[in-house]
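*Asks:* Once you've had a glance at the structure underneath, I'll fire off some questions.
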Amino acid sequence: MDRSLQQVNTILNLAKLTESDIKKDSHVLQFIPQILDSKQVKLLEVSKDTLEYINSGECLFIKGNEDAHVIICSNSNSFELKEAETSNSMLLMPSLLQGTLIEDTGSRTLKKQEVFGVYHTYYEMRLTRPKLQSLRNALAKYPYRGKNSEVTKEAVGQSFTELKVMIQASEEEIINQLQEMPAAKVRGKWRLLDVGFLFGWVSYLDSILREKKLSLEEVTLANIENWMGLYDTEDINAKCISLFMEVDGNSLRWKPEAVSQLFALYLLPELRAFDSKDFFTAWQQSMPVGVMTNEEHLNGVALVDYDSNPSLVKYLPEFELPEEINERLDILFRNRAKWTLQSITPYVQPLTDNNLNVAALLTKYARSSTINGVKYYSSKY
């Protein structure tokens, strides 16, 4: 555990917080610890909302290690810590008589006042968007390839408690990400659903529909659950339905972009690059009945290189790129010199926060130019 983490840990775990410990004009929480070593105590500034959250009895959680920046999480948000300087010195004392409490006796009496520490800096909490690639990486160690591929009856994977400890994000943010990504709980442990398994699930359902000469819009959710009951468990089937179908009551239809991206992820990895003409043909032919592919569906999954001869479709999924912005952009611009905002957004969106959206990040870290009325982004160097 690095020094900064130890200091912040001391603030939140060793300190006692009372109403009188709050400096109301700046909302700086003044913690009076059980120890007198000021080097182990730091001051933390919080917003009014966070102050109310703490006073309601809720907790803040510190997450980080030597290899990652320390962040603080509430139940629903993540905050980065930034050290800031004060214009004046701040004194940390166990107690202090305020002017209105001193009796007017006509004489003055000097009292010895114990000072725990003198501070010129404090920590600010800034709302941030967590980087959740580590969640996918953690679950990818335990791929789920279907109930018939399980080699042991013992539960494997990560429990939610384990994920909360290792992932630098709030509980709510982790839950939301688990719902969005191809992950499911198997015998109490979270695992990543294998691309091959998902491709097989969609293809199996499509084969049933073709055999019965039906489209997805002509069947009910109960039909799907009944047919796919032989393929896998109820929970896994429910997850696949949420990933690839839009359900409106008993009305069903495929999510074209989700299905198209799944099939691209299945077709591309082995070759890494595919002749574009052959790929677009194979891609469309593999689709379920009624699903039409669109080149835009490849955004965030692959890119089409029209500068090569013949033109190629290159495997480039967002989740395999580094989370550091400069490293990610370096890879993107080495694969394609100029990007439109629409095509690069899926690769940059996961790195945005409350202060910087995609356009702002690209303005800061890339170079923009306009060609025939279209704005493009390229390497800054």
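Under my numbering, the first residue of the sequence shown carries the number 91, and numbering increases by one thereafter. For glycine and all other residues, C-beta sits at the position ideal for the given N, C-alpha and C.
Please find out if some non-hydrogen atom of the ligand FAD comes closer than 8 Å to the beta-carbon of A456.
*Replies:* Looking at this structure, you won't find the ligand FAD or any other ligand, since it has none at all.
*Asks:* Going straight from the alpha carbon of A363 to that of L422, what length do you get?
*Replies:* 15 Å
*Asks:* Look up A392 in the DSSP assignment and say whether it is helix, strand or coil.
*Replies:* strand
*Asks:* How is I257 classed by DSSP in three states: helix, strand or coil?
*Replies:* In the structure shown, the three-state DSSP call for I257 is coil.
*Asks:* Contact defined as beta carbons within less than 8 Å: I believe A274 pairs with I326. What is the distance between those atoms, to the nearest angstrom?
*Replies:* 6 Å
*Asks:* Of the residues W344, L358, N340 and V276, which one's Cα is nearest the Cα of E324?
*Replies:* Minimum Cα distance to E324 is reached at V276.
*Asks:* Given this structure, state the Cα-to-Cα distance separating M318 from A312, to the nearest angstrom.
*Replies:* One C-alpha to the other measures close to 10 Å.
*Asks:* Report buried or exposed for S164, applying the criterion of at least 16 other Cβ atoms within 10 angstroms of its Cβ.
*Replies:* buried
*Asks:* Quick check: the stretch 432-452 against the stretch 405-418, are at least 3 beta-carbon pairs closer than 8 Å?
*Replies:* Using a Cβ-Cβ distance cut-off of 8 Å, the stretch 405-418 and the stretch 432-452 are in contact, since at least three pairs of beta carbons, one from each stretch, lie closer than that value.
*Asks:* Which residue comes first and which comes last in the beta strand (DSSP E) that contains R216?
*Replies:* G207 to T218
*Asks:* Opposite K153 in the DSSP bridges: which residues?
*Replies:* I161
*Asks:* Run through DSSP, which three-state label would T176 get?
*Replies:* strand
*Asks:* For V136, name the three-state secondary structure that DSSP assigns.
*Replies:* coil
*Asks:* Which residue comes first and which comes last in the alpha helix (DSSP H) that contains F334?
*Replies:* Start and end: E324 to F334.
*Asks:* Is there contact between the stretch 198-206 and the stretch 167-175, where contact requires at least three CB pairs shorter than 8 Å?
*Replies:* They do not touch, by the three-pair rule.
*Asks:* Considering only C-alpha positions, which residue in the set G207, R216 and T310 is nearest to N445?
*Replies:* R216
*Asks:* Closer than 8 Å is the cut-off here; do at least three beta carbon pairs connect the stretch 342-357 with the stretch 283-292?
*Replies:* yes
*Asks:* Under 6 Å Cβ to Cβ from Y321, same chain only, skipping five residues before and after it: list those, please.
*Replies:* Y294
*Asks:* Scan the stretch 358-415 and note each continuous beta strand (DSSP E) run of 3 residues or more that stays entirely inside, going in chain order.
*Replies:* 363-365, 392-395 and 402-405
*Asks:* When the Cβ atoms of the stretch 223-236 are set against those of the stretch 280-287, are three or more pairs found closer than 8 Å?
*Replies:* The stretch 223-236, when compared against the stretch 280-287, does touch it at the 8 Å Cβ threshold.
*Asks:* Can you give me the start and stop residues for the beta strand (DSSP E) that Y467 sits inside?
*Replies:* V464 to S469
*Asks:* Which residues does DSSP list as the beta-bridge partners of P233?
*Replies:* L282
*Asks:* Are S366 and V403 close, meaning C-beta to C-beta below 9 Å?
*Replies:* yes
*Asks:* Given this structure, state the Cα-to-Cα distance separating A228 from F206, to the nearest angstrom.
*Replies:* 43 Å
*Asks:* In the structure shown, what three-state DSSP assignment does A450 receive?
*Replies:* helix
*Asks:* Nearest by alpha-carbon distance to N384: which of E214, A348, R219 and S401 is it?
*Replies:* A348
*Asks:* If you follow the beta strand (DSSP E) that T435 is part of, which residue opens it and which one closes it?
*Replies:* Taken as a continuous stretch (DSSP letters only), T435 belongs to no beta strand (DSSP E), being part of the alpha helix (DSSP H) at L431 to V438.
*Asks:* Could you tell me how far apart the beta carbons of L342 and P272 are, in whole angstroms, since I believe they sit closer than 8 Å?
*Replies:* Going by Cβ atoms, the distance from L342 to P272 rounds to 19 Å, so no, they are not a contact pair.
*Asks:* Under 7 Å Cβ to Cβ from I264, same chain only, skipping five residues before and after it: list those, please.
*Replies:* L225, L253, K254 and I257
*Asks:* With a cut-off of 9 Å, does the C-beta of M183 fall near any C-beta of chain B?
*Replies:* In summary, chain B is missing from the structure at hand, where a single protein chain is found.
*Asks:* Does DSSP put Q248 in a helix, a strand or coil?
*Replies:* It is a strand residue.
*Asks:* Who are the near neighbours of P399 in its chain, counting only those whose CB is closer than 7 Å to its CB and skipping five residues on each side?
*Replies:* The residue asked about is misnamed: residue 399 is Asn in this sequence, not Pro. Within the same chain, N399 has no close Cβ partners at all.
*Asks:* Pull up the DSSP beta-bridge partners for A273, would you.
*Replies:* L282.
*Asks:* Classify A149 as buried or exposed, calling it buried when 16 or more other Cβ atoms lie within 10 Å of its own Cβ.
*Replies:* The residue you asked about is not Ala; residue 149 is Cys in the sequence shown. With fewer than 16 Cβ atoms within 10 Å of its Cβ, C149 is classed as exposed.
*Asks:* Does the beta-carbon of N389 have 16 or more other beta-carbons within 10 angstroms, so that it is buried, or is it exposed?
*Replies:* buried
*Asks:* Alpha carbon to alpha carbon, how far is S401 from S297? Give it in angstroms, no decimals.
*Replies:* 32 Å
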